DNA sequence: GTTAACTAACTAACCGTTTATATAGGAAGT
DNA sequence: ACTTCCTATATAAACGGTTAGTTAGTTAAC
């Protein structure tokens, strides 16, 4: 299920997300639940709970998409209460965006773009996508489900434009041929890197993994050959 | 909305799905809606109704996917009663499969595969996908939503294997280089052809359409260069 | 008159979101 | 240290709208 590392929570844990909770009169009719049944003491740790929810949401959204995801399943998988989703993330869609942003940020951080070595970049992207199967599915769900109204994560758009710029510069320097426009070169590299990923038109048999990786690198090499 | 041609209904219209329905389609000439007064008598034509439902379902599924699609919206768009969906197609998922099969069949029929001219095939596939934007979205929804359990349409799987075989033959004949395995060559060609389609990581600006098409063809040409 | 084609109304379950309530754990006062 | 009080954290239970699927009946066509 969760192939990715546990998701860290960096922002301050505040339950009342803008509105405060006036606790009001408390505990007059305490139906003590800790004495009934297998009482679970349940330690409190907002950051940890939030991280569990985010991880569970990642699995759920990657598997079922936004429309298909179920808040109940996420809460159950995270061993947290459903209402906490709303306390911590606002609503379903905001939760999805939190998940997506986390993953996009990690991808961009861990797979540095090298305009001067597009084949190498393709190979590293191939490796990353293979190691993080959720990544491509989350991105694809996002594309399909938010197609019209919502935009890409700003971070991603910026990165795409930035990388196209780097390619243009490399072409000016003569490091890269000008056969293709920067946009074409970038898009083809991305398409080839992800062509074999699970969830592509054809599934990749694990056995031929090395062969496919080498093929991707070679294909991109041919794009950048003068 | 509906960019594709109206979907023809070729199979016999049978209301009760397993049981026969002999009425056939003789009402092709009954154009009049019988005095368009307040009460709408509504002429009856099972084949036409089925076709309207299929077209409406195509738009709905392409836009929202399976989980996001709403039977009520489909029926309303088709100006048909909801219950007819179940009478004609069984259930939501079967309706989706009917839609998908129709589109896959049309794609395979209209874009013949030419192992000896992969760049040309890529160009034609590019054109087809551009002219039928629903195609790629439907296929992608299918991939994501039925990921685990369901298989590709048999027709598509057969086609993929068949085409890989054609590539292998061409390689044996020496028409194609053996740099890439047949599977790699096929998958890369498909990936490059669809890299620029709407709903890809980056949207294609219409202005640069010719440039992108030429780039796709050139990219595939480089894959098949010795 | 028979039957295929169609319809309105219904149902039962589901699901996102909210509310009311409880309690752990720390801070403040003594 | 001990008590008191506050609030962030957590939970169960509902709420209200939605949705896939059904049924029982009506009408058109032959």
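Protein chains in written order, with UniProt numbering: chain A, 1 to 226; chain B, 1 to 226. Virtual Cβ for every residue (Gly too), placed ideally from N, Cα, C. None of these values were measured; they are calculated from a predicted model.
Self-check item: Enclosing alpha helix (DSSP H) for residue 113/A [first to last residue]
Solution: For this step, residue 113/A is matched to residue 113 along the first chain. That residue, residue 113/A, is in no alpha helix (DSSP H); it is neither H nor E in DSSP.
Quiz item: Does residue 68/A have its Cβ less than 7 angstroms from a Cβ in chain B?
Solution: Counted from its first residue, the first chain places residue 68/A at position 68. At a cut-off of 7 angstroms between beta carbons, residue 68/A contacts chain B.
Quiz item: For the candidate residues 173/B, 182/B and 174/B, whose alpha-carbon lies nearest to that of residue 160/B?
Solution: As a working mapping, residue 160/B is identified with position 160 in the second chain. It is 182/B whose Cα lies nearest to the Cα of residue 160/B.
Practice problem: Write down the C-beta distance between residue 136/A and residue 125/A rounded to the nearest angstrom, noting that I regard them as a contact closer than 8 angstroms. | Solution: Here the question's residue 136/A lines up with position 136 in the first chain. Here the question's residue 125/A lines up with position 125 in the first chain. The Cβ separation is near 10 angstroms, so there is no contact.
Quiz item: In terms of residue numbering, what span does the alpha helix (DSSP H) encompassing residue 189/B cover?
Solution: As a working note, residue 189/B is residue 189 in the second chain. Membership of residue 189/B in the alpha helix (DSSP H) is indicated by the continuous run 182–194.
Quiz item: List, in order along the chain, the chain B residues whose C-beta lies closer than 7 angstroms to that of residue 126/A?
Solution: By one-based count along the first chain, residue 126/A stands at place 126. What residue 126/A touches in chain B: nothing, since even the nearest Cβ is about 12 angstroms away.
Quiz item: What does residue 191/B touch in chain A if you count any residue whose Cβ is under 8 angstroms from its own?
Solution: By one-based count along the second chain, residue 191/B stands at place 191. 191, 192, 194, 195 and 200, listed in chain order.
Practice problem: Decide if residue 52/B is buried, meaning its Cβ has at least 16 other Cβ atoms within 10 Å, or exposed. | Solution: The residue given as residue 52/B occupies position 52 in the second chain. It counts as buried.
Exercise. Drop a sphere of 10 angstroms on the beta-carbon of residue 43/A, count the other beta-carbons inside from all chains shown, and report buried for 16 or more, exposed for fewer.
Key: Residue mapping note: residue 43/A aligns to position 43 of the first chain, counting from 1. That one is exposed.
Exercise. Kindly indicate if chain A contains any beta-carbon less than 7 angstroms away from that of residue 272/B.
Key: Nothing can be reported for residue 272/B, as the shown portion of chain B is limited to 1 through 226.
Quiz item: Which class does residue 127/B belong to by DSSP, given the choice of helix, strand or coil?
Solution: Working through the second chain from its first residue, we reach residue 127/B at position 127. Residue 127/B falls in the helix class under three-state DSSP.
Quiz item: Which same chain residues, not among the five before or five after residue 22/B, have their C-beta less than 7 angstroms away from its C-beta?
Solution: Taking the second chain and counting its residues from 1, one reaches residue 22/B at position 22. Residue confidence is low: residue 22/B scores 32 on pLDDT, short of 50, so the model does not pin down where it sits. No coordinate-derived value is stated.
Quiz item: In the stretch 95–120 of chain A, which residues sit with their C-beta less than 8 angstroms from some C-beta in chain B, listed in chain order?
Solution: Answer set for the stretch 95–120 of chain A: empty.
Quiz prompt | Whole-angstrom distance between residue 48/A and residue 230/A, CA atom to CA atom | solution = Because chain A in this structure spans residues 1 to 226, residue 230/A falls outside the shown range and cannot be described.
Quiz item: To the nearest whole angstrom, what separates the beta carbons of residue 190/B and residue 220/B, a pair I think is in contact under 8 angstroms?
Solution: Taking the first residue of the second chain as 1, we reach residue 190/B at position 190. Taking the first residue of the second chain as 1, we reach residue 220/B at position 220. 10 angstroms between Cβ atoms; not a contact.
Practice problem: Quick one: list the residues of chain B neighbouring residue 180/A, beta-carbon separation under 7 angstroms, in chain order. | Solution: As a first step, residue 180/A must be located in the first chain, where it is residue number 180. What residue 180/A touches in chain B: 215.
Quiz item: Is residue 170/B near residue 117/B, with beta carbons less than 7 angstroms apart?
Solution: Counted from its first residue, the second chain places residue 170/B at position 170. Counted from its first residue, the second chain places residue 117/B at position 117. It is not a contact, given that the beta carbons lie outside the stated cut-off.
Quiz item: What in chain A is Cβ-close to residue 52/B, meaning under 7 angstroms?
Solution: The count along the second chain starts at 1 and reaches residue 52/B at position 52. The premise fails here: residue 52/B is roughly 24 angstroms from chain A at the closest Cβ pair, so nothing lies under 7 angstroms.
Quiz item: Count the other CB atoms within 10 Å of the CB of residue 158/A; is the residue buried (16 or more) or exposed (fewer)?
Solution: Within the first chain, the letter at position 158 stands for residue 158/A. That one is exposed.
Quiz item: Pick from 131/B, 226/B, 185/B and 101/B: whose alpha carbon is nearest that of residue 216/A?
Solution: On the first chain, residue 216/A is found 216 positions in, with the first residue counted as 1. Just measuring C-alpha positions, the residue of 131/B, 226/B, 185/B and 101/B sitting nearest residue 216/A is 185/B.
Self-check item: Chain-ordered chain B contacts of residue 219/A [CB-CB under 7 angstroms]
Solution: One-based indexing of the first chain puts residue 219/A at position 219. Per Cβ cutoff of 7 angstroms: 188 and 223.
Quiz item: Ordered along the chain, which non-local residues of its own chain (more than five positions away) have a Cβ less than 8 angstroms from that of residue 225/A?
Solution: Position 225 of the first chain holds residue 225/A. For residue 225/A, where only same-chain residues beyond five positions count, the Cβ hits under 8 angstroms are 177.
Quiz item: What's the gap between the Cα of residue 110/A and the Cα of residue 64/A?
Solution: Counting from one through the first chain, the residue named residue 110/A turns up at place 110. Counting from one through the first chain, the residue named residue 64/A turns up at place 64. Their backbone Cα atoms lie some 26 angstroms apart in a straight line.
Self-check item: Contact with chain A by residue 184/B, beta-carbon distance below 7 angstroms
Solution: The residue you call residue 184/B lines up with position 184 of the second chain. The beta carbon of residue 184/B sits closer than 7 angstroms to some beta carbon of chain A.
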